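Trainee:
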Ligand code: 13P
Ligand code: SF4
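Numbering (the numbering used here), first residue to last: 1461 to 1798.
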């Protein structure tokens, strides 16, 4: 399999066009308030729940009924009694919600909100990879398509990956897909030798080691906290590594007053609310730009959230058979991570 560009220049080139096209246009406060009121009314009329990932625009996080990491959002999708789930996140997250609640209408404000990790792992190529390792147990990170989930034995998220892999029989070889950076981190944490698919996140691969070291020089007492999708050289600089929710709670529990945050800066919105007295620094990309926002997550806007609630589309639609096959490994994850 050919791995997409892995030099710093190639990563910059891979990321820039999409970031440029997704730059949000500032919306006046009065318009935000009016949209917010209209969304609240539609939400009541539709008996809808709004779930939002921490990488969404602040105004979307603020209007959501629940914000969380991938695991928490999946749990919410599985247990909600709303008729409509509006998933303010990316496609694989909305798809997971549909798999867990197939009888509900699941809306994604912008259907183009994908994920480079899911794109890096086409289902047919993954099937050939599995065929080359027929004795392997297949663990897939939730950042993949339903068609890849359907070929997996177990799904994990960044918050439970280490714990789940530790529960697998020691003598069973394991495929881990699609994120090679998360996979390597799980290997180091568990001591397990994993057969890794070579996917990566375009956002977490753009963080600059030089920028972290510069921030460390400016703020020597700061703790570096990182998402495990970051490359190994960045993770080596980290004092704490975890999912978005774990990073958030670490800023509360740590004695430190200052944090250098190595993940998508959308999370800073929640951190600023939970620890307003602390100093938080996000990290620019490799070429010094501040384009460290996920270009897919940021496709969702308050206006698109309003419109999808009004029109009840775009909705996630899936074949019955795929829904059924993809559910098994997700349900196993939820059962094993109780
Ligand atoms: P979390 O599950 O840690 O929120 O991560 C989701 C994600 O897409 C990170 O890039
Ligand atoms: Fe996918 Fe990376 Fe965006 Fe997360 S930050 S949704 S892994 S592209």
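We put the CB at the ideal spot given by N, CA and C, even for glycine.
For clarity, every value in this text was computed on a predicted model and none was experimentally measured.
Please return the same chain residues whose Cβ sits closer than 6 angstroms to the Cβ of residue 1704, not counting the five positions on each side in sequence.
Mentor: The answer, listed in chain order, is 1514, 1529 and 1727.
Trainee: Report all residues from its chain with a CB closer than 7 angstroms to the CB of residue 1785; omit the five preceding and five following residues, and keep chain order.
Mentor: Cβ neighbours of residue 1785 beyond the five flanking positions: 1610.
Trainee: Identify every residue that forms a DSSP beta bridge with residue 1683.
Mentor: 1719
Trainee: Give the single residue among 1746, 1718 and 1639 whose Cα lies nearest to the Cα of residue 1737.
Mentor: 1718
Trainee: Distance, Cα to Cα, residue 1483 vs residue 1757?
Mentor: Any reading at residue 1483 must be qualified, since the residue scores a pLDDT of 47, below 50, and its modelled position is unreliable; the value itself is stated next. Answer to the nearest angstrom: the Cα atoms are 11 angstroms apart.
Trainee: Return the residue from the list 1564, 1532 and 1782 that minimises the CA-CA distance to residue 1549.
Mentor: 1532
Trainee: Give the straight-line distance between the Cα atoms of residue 1797 and residue 1627, rounded to the nearest whole angstrom.
Mentor: 10 angstroms
Trainee: If I'm right that residue 1612 touches residue 1789 with Cβ under 8 angstroms, what's the distance once you round it to whole angstroms?
Mentor: 5 angstroms
Trainee: State the Cα-Cα distance for the pair residue 1746 and residue 1669, rounded to the nearest angstrom.
Mentor: 8 angstroms
Trainee: In the DSSP assignment, what are the bridge partners of residue 1610?
Mentor: BP columns for residue 1610 are empty, so no partner.
Trainee: Let me know the secondary structure DSSP gives residue 1756 once reduced to three states.
Mentor: coil
Trainee: What three-state label does DSSP hand residue 1493 in the structure shown?
Mentor: helix
Trainee: Is it a yes or a no for the stretch 1689-1707 touching the stretch 1766-1786, going by three-plus beta-carbon pairs under 8 angstroms?
Mentor: no
Trainee: Just how far apart, CA to CA, sit residue 1754 and residue 1777?
Mentor: 24 angstroms
Trainee: Quick one: what's residue 1742 bridged to in DSSP?
Mentor: 1721
Trainee: Would you report the Cα separation of residue 1681 and residue 1573, rounded to the nearest angstrom?
Mentor: 37 angstroms
Trainee: Going by C-alpha to C-alpha distance, which of 1570, 1523 and 1619 sits closest to residue 1602?
Mentor: 1619
Trainee: Taking the alpha-carbon of residue 1657 as reference, which of 1558, 1598 and 1571 has the nearest alpha-carbon?
Mentor: 1598
Trainee: Please report the straight-line C-alpha distance between residue 1699 and residue 1707, rounded to a whole angstrom.
Mentor: 11 angstroms
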